[in-house]
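**Q** Attaching a single structure in structure tokens format; questions to follow.
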Amino acid sequence: MTIATDAKIYIAGHKGMVGSALVRLLTAKGYNNLLVATREQLDLTNQAQVTEFFYQHKPDYVFLAAAKVGGIHANNSYPADFIYQNLMIQNNVIQAAYQSQVKRLLFLGSSCIYPRQAQQPMQESALLTGVLEPTNEPYAIAKIAGIKLCESYNRQFGTDYRSVMPTNLYGPGDNYHSTNSHVLPALLRRFNEAKVSEESEVLVWGSGQPKREFLYVDDMASASWHIMTLDKKDWRAAVTPMCSHINVGYGEDISIADLANKLAKVVGYTGTIKFDTTKPDGTMRKLLDSSLLASLGWQPSVSMEQGITHTYQNYLQEQQDIQ
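The sequence shown begins at 26 in this note's numbering and counts up by one.
Shown next, in the form of structure tokens:
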């Protein structure tokens, strides 16, 4: 399906990592009517504000990339914030999209929706088949609710709301906070700081044995656009009314220990890497089965080596801009 370059496209969460990647992609493709709003301009947890925003601007298409996100520490420390804020954002945007007759909406979820003990690699059908990982259960519950909200509107009202479940993402615009960020950006910052201060060792949370899959964020934006522009008949042929989300992954995973060594090499840190086994590992393996998306004609194009190198260059530029 072709979307006209003057179509009004709202990107919720345009300042976030995925949202900003979508802005880069659509701008490069010549889309000149992108609709964005900062948190100061629009509080997505406020139903009245969201309803008014959609009433005034009437977007044709919506990318729902706005969310409260964080790593294990943040999810453990602020579980109420994670479930409440994400539920409110999703409920408000999806309902307002329906009320204003948006043509199509794409909801971005997370691979943490799948059970802790799900068979690897995780297929879309694994949803709701087991117990979730306790460290991020509130966030996962919110994302599951978002999927089911989209499906329910489709079933009841005939809307065209689609959901994508990305694996762990990284790249420009990531959160590099030392404790509240995800593992890859947190380690990238830690290794850079250790290099600058000439520290002899870096301590990494957990045993280093868990394996994770990582996808460069510009590839995620590309996949989102690919799914958003699929013909409705092709989309409906690929999914079912009550299992309509699609996994978006890199196709390979890597142990946290190997990731740490890869990051240290890119950064140029030559000290010792040690693992703090008193800290939680989380799920031991999280690899998505992205064969459905592959059958629909999309594959990632950025290797981990390329992605990490680009991410580190971007991190250094951000630090230079701050100074």
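We treat Cβ as the ideally placed atom computed from N, Cα and C, and that holds for glycine. Remember, it's a predicted structure, so these values are computed and weren't measured experimentally.
1) At what residue ranges does the segment 236–280 contain a whole run of the beta strand (DSSP E), taking only runs of 3 or more?
2) Taking 9 Å as the cut-off, decide whether the C-beta atoms of Arg-187 and Trp-260 are in contact.
3) On a Cα-Cα basis, can you pick out the residue from Asp-346, Ala-121, Leu-112 that is closest to Tyr-80?
4) At which residues does the alpha helix (DSSP H) containing Glu-212 begin and terminate?
5) Between which two residues does the alpha helix (DSSP H) carrying Ile-108 extend?
6) From Lys-40, Tyr-56, Asn-286, Ser-136, pick the residue whose C-alpha is nearest to that of Leu-209; which is it?
7) Counting only runs that start and end within the segment 162–203, where is the beta strand (DSSP E) found for 3 or more residues in a row?
8) Express the C-alpha separation of Asn-57 and Asn-272 in angstroms, rounding to a whole number.
9) Please report the distance separating the alpha-carbon of Ala-211 from that of Phe-182.
10) Count the other C-beta atoms from every protein chain shown that fall within 10 angstroms of the C-beta of Gly-322, then say buried if there are 16 or more, exposed otherwise.
11) Starting from Ala-53, follow the alpha helix (DSSP H) in both directions and report where the run begins and ends.
12) Which residue comes first and which comes last in the alpha helix (DSSP H) that contains Val-75?
13) Should Asn-111 and Lys-93 be called a contact, given that it needs their Cβ atoms to be closer than 9 Å?
**A** Considering the structure as presented:
1) 239–241, 270–273
2) yes
3) Ala-121
4) The sequence shown places Leu at residue 212, rather than the Glu named in the question. Here the alpha helix (DSSP H) through Leu-212 covers 208–221.
5) 104–124
6) Asn-286
7) 186–191, 193–195
8) 29 Å
9) 43 Å
10) exposed
11) 42–53
12) 72–82
13) yes
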